[in-house]
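Shown next, in C-alpha cells, is the structure this report addresses.
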Amino acid sequence: MIKIIQSWEEMQSIGIQLMREKQSHGFVPTMGALHEGHLSLVKESIKENHINTVSIYVNPTQFGANEDLSKYPRTFEKDMELLEELNGVNYCFFPSDSIMYPRGYQTYVQNEIMSQVMCGVSRPVHFKGVTTIVSKLLNIVMPTISYFGQKDYQQYLIIKQMVADLNMPVQIKALPIVREADGLAMSSRNKYLTKPQREQAVCLYKALQYAQQKIKEGIFDVNRLKEMLHYFFNEYPLAKVDYIEIRDSNNLDTLDTVKDQALLALAVYFNSTRLIDNAVLSIQ
Ligand code: AMP
C-alpha cells in the first residue's frame, strides 16, 4: 500500500531518514490526472531505486491569471489506483495549498535566462512557479534522483540549471515523450479537446516529422524551416500557432542554421487549450 502523506514535516523526516540510510530514493513530481507519460517516469524510478515517492499537487503559482487552474483535472482516487498497480511506489506526497503556500508566504525561485523564451513569452509567470514548487518539493522529499519528461523540454532544462546553480544534492533525469497511437503527446490537457480538435491535434507530431524530413533533405536554415512549418500548420484550421522555435537543445540559445542537432519546440492553441510538443532533430 502506498502511504499518502499530506504533512511536509512528515515527508521530510522520511526523506532525511532515507538519506541517512543511503537508500536510493526516486521522486516523480506531478500535477496528477496521471496517464502513461507520468507512469513511464514512475516505472523508471521503481526500476532504479529502493524507495519511490510520487507527488500530486496542482501548483497554483505556475498558472497565469487567465489559465486553467480551476478546471485542471483532479482525479486523485484514479491516480492512486494507477500508482498502486505499478507495485513499487512507497509514498505519495499530496499536500494542500495551505501547506505549500501558507499565509505570509514570500519566497520564489526564478531562472533569469531560459525562462524568458518560448513558453515563458506566453506564460510569463509559469516558470517562476515551476522552479519555486520543484525546489520546495526537492527540499521536502530529499530524493537522490528526480525524473522529468522531455514533453516539457524547457522545464527540464530550467530544472537542471536550477539544481546546478543552487547546488542541490539531487540528480535530474529526463525520459522520452510518451505518445498516443496517432502520435499526439500524452497530456492531461488533451481531455479539453473536442472531437474535431482532437483529430487535428496530431498536427504537432506531424510537424515534428515534417521538419525532420526537411532537414534530411538538406534544409538547415532556421528561418526557412520555421516558415515552412507555419505553412504546414495552415492545413489545420483549428490550430493557432503560439510559437515555432528551433534552438540549441542544450541551452535554448537561438540558431541561424541547424548543425548536428537542434530542438524544435511547438506550442499550438486549439481554442483556449494550449498544447506543446518538441523533438531534438538531427541532420543524420
Ligand atoms: P505534469 O503533471 O503535467 O506536471 O507532468 C509531470 C511530469 O510528467 C513532468 O515531468 C512532465 O514532463 C511529464 N510528462 C507529462 N506528459 C508526458 C508525456 N507524454 N511523456 C513523458 N512525460 C510526460
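Heads up: the sequence shown is residues 234 to 517, going by this note's numbering. Every residue, glycine too, gets a C-beta built ideally from N, C-alpha and C.
Within the segment 365–442, the beta strand (DSSP E) runs of at least 3 residues that lie entirely inside it are, in chain order, 378–382, 404–408. Less than 8 Å divides the Cβ of VAL275 from the Cβ of VAL261. Taking each of MET252, ARG457, GLU468, SER278 in turn and checking the Cα distance to VAL374, the smallest one comes out for MET252. Proximity to SER515 across VAL491, SER505, ALA500, ARG507 peaks at VAL491, based on C-alpha coordinates. In terms of CA proximity to HIS258, ILE247 leads the group HIS268, ASN344, ILE247.
The alpha-carbon of ILE378 is positioned some 10 Å away from that of LEU371. If you check the C-beta of SER421 against the ligand AMP, you find a heavy atom less than 7 Å away. At least one heavy atom of the ligand AMP lies less than 7 Å from the C-beta of ILE410.
If you check the CB distance, LEU496 and TYR386 come in under 8 Å. For PHE326, the beta-bridge partners assigned by DSSP are ILE238, SER288.
Burial check for ASP330: the Cβ neighbour count within 10 Å stays below 16, so the residue is exposed. When distances are taken from the beta-carbon of PRO262 to the heavy atoms of the ligand AMP, the shortest one is below 7 Å. Segment contact: the segment 393–400 against the segment 417–425, fewer than three CB-CB distances shorter than 8 Å; contact not assigned. TYR476 is bridged by DSSP to ALA500. In the structure shown, the three-state DSSP call for ASN456 is helix. For HIS271, the uninterrupted alpha helix (DSSP H) segment begins and ends at 269–281. With distances taken between CA atoms, ILE279 lies nearest to GLU317 out of GLN295, GLN343, GLU300, GLU317.
Residue state for LEU316 is assigned as helix, using DSSP reduced to three classes.
The alpha-carbon separation between PHE453 and SER482 amounts to approximately 15 Å. In its chain, beyond the 5 residues on either side, GLY382, LYS384, ILE410, VAL411, ALA418, MET419, SER420 have a beta carbon closer than 8 Å to the beta carbon of GLY270.
Within a 10 Å sphere around the beta-carbon of GLN433 sit 16 or more other beta-carbons, which makes this residue buried.
Beta-bridge partners assigned by DSSP to ASP493: none are found. In the structure shown, GLY353 falls within a helical segment according to DSSP collapsed to helix, strand and coil. The shortest CA-to-CA distance from ASP486 to any of ALA444, MET347, THR364 is the one to MET347.
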